[in-house]
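These notes are about the structure you will find just below.
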Amino acid sequence: MNNILVTGANGQLGNEMRRRAAAGSRCAYLFTDVEELDITDLDAVRRCMAEHRIAAVVNCAAYTNVDKAEDDAARADAINHLAVGNLATACREQGAALLHVSTDYVFGGTGNLPFREEDAVAPLGVYGQTKWAGEQAVVASGCRHLIFRTAWLYSAFGNNFVKTMRRLTAERDRLTVVFDQVGTPTYAGDLADLLFHITEEGLYAQMQGTYHFSNEGVCSWYDFAREIAALSGRTCDIQPCHSDEFPSRVRRPAFSVLDKTKVKRDFHWTIPYWKDSLVKCIKELDLSNHQ
Ligand SMILES: NC(=O)c1ccc[n+]([C@@H]2O[C@H](COP(=O)([O-])OP(=O)(O)OC[C@H]3O[C@@H](n4cnc5c(N)ncnc54)[C@H](OP(=O)(O)O)[C@@H]3O)[C@@H](O)[C@H]2O)c1
């Protein structure tokens, strides 16, 4: 039986991994968050991996607050870059594989064709820069690795756009949401399904490289908000607006659709359409009486 370490396991993606392992698995999963294993501590990472004879690490830990990262660059770099280097170093030393998660924010967001893995990166802010540095640290370490760039992640766990929109559309009669940023939402459960398949089947021993993963389809944040409101039975009037109406210190990519041809081909994987996955998450939130 292979031992798999999941870091950052209290987050959106980590919780979805927990859920899959709880439903039955042939690997032994060790779920940790910063309390149990702070990935910025290289010695702690080394000790944990050696003690538990870890075959693969699924890194769900990250500094994900895009706005806050602008004022907290050192912390964002410590977690998204240097700590990822720690995991990669320990994986190389101990012959383990690293499954790491990155972001569409490594791209600058100009253009109108879905981004492929080999396209030039141009991160616009601290979050994207630190995540890109993390990717580079993984590759430079020489460890066996798989990097999955994902986008617009949401789930029933933690804070995300879906939960914010459900709250705001319940509280307000009218709302404006940007329509000039276009991408694809990703249900964390769908990404966890693929990562779990890879750990369960031991595919990390055969595969290596960078992959894009989001749900299928394309929408703006405005379209996403409309769909969330409709599925949640809200009557709030939602109108489109430009992103410059919401002053922010961070420029976000205007276009960050990811091309998933490679992941579908190499893993023989079918990815759900974003609206179908949103239905699943909204049902879950309704059942759990979440907003
Ligand atoms: N959320 C998105 O929209 C989005 C989009 C594209 C890509 N991604 C990427 O997808 C991955 C998963 O994102 P997510 O939304 O599931 O993240 P999340 O919900 O923010 O979870 C990240 C977890 O990592 C923990 N963590 C932070 N510092 C740590 C440390 N030093 N050691 C161990 N754990 C630490 C966090 O704890 P605290 O909460 O206490 O800090 C949190 O529990 C990340 O790599 C992220 O960059 C996310």
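In terms of the numbering used here, the sequence shown is residues 330 to 620. We treat Cβ as the ideally placed atom computed from N, Cα and C, and that holds for glycine.
For Q568, the uninterrupted beta strand (DSSP E) run begins and ends at D566 to C570, by DSSP. Spatial neighbours of D595 in its own chain (CB-CB distance under 7 Å, excluding positions within 5 residues in sequence) are listed in chain order as M536. With respect to K591, H541 sits close: the two C-beta atoms are nearer than 9 Å. Within 8 Å of the C-beta of Y434 there is at least one heavy atom belonging to ligand 1. Residues L334 and H381 of the same chain have their beta carbon placed closer than 6 Å to that of L359, with the five preceding and five following residues left out of the count.
DSSP places G538 inside the beta strand (DSSP E), whose first and last residues are G538 to H541. Per the C-alpha coordinates, the member of A352, K612, M330 and N331 positioned closest to A485 is K612.
DSSP places H597 outside both helix and strand once states are collapsed to three, so it counts as coil. Residue range L371 to E380 is occupied by the alpha helix (DSSP H) that includes A373, with no beta strand (DSSP E) assigned at that position. Rounded to the nearest angstrom, the gap between the Cα atoms of L442 and M330 is 42 Å. Relative to ligand 1, even the nearest heavy atom lies 8 Å or more away from the CB of V467.
Set against 8 Å, the gap from the CB of T515 to the closest heavy atom of ligand 1 is smaller. Residue pairing by DSSP places H474 opposite L427 in a beta bridge. In the assembly as shown, T498 is a buried residue. Its beta-carbon has 16 or more other beta-carbons within 10 Å. DSSP places T505 inside the beta strand (DSSP E), whose first and last residues are R503 to V507. DSSP places E545 within a strand segment (E or B) once states are collapsed to three. One Cα belongs to P601, the other to H474, and the distance between them is close to 25 Å. In terms of CA proximity to T369, N388 leads the group N488, G353 and N388.
If you check the CB distance, Y456 and V579 come in under 9 Å. In this structure, H429 sits away from V374, with a CB-CB distance that is not shorter than 9 Å.
Set against 8 Å, the gap from the CB of Q568 to the closest heavy atom of ligand 1 is not smaller.
Leaving aside the five residues that flank N489 on each side, the residues in its chain whose CB is nearer than 6 Å to its CB run, in chain order, Y483.
Contact between I476 and T539 holds, since their C-beta atoms are separated by about 4 Å, short of 8 Å. Three or more Cβ pairs drawn from the stretch 439 to 453 and the stretch 580 to 588 lie within less than 8 Å of each other, which places the two stretches in contact.
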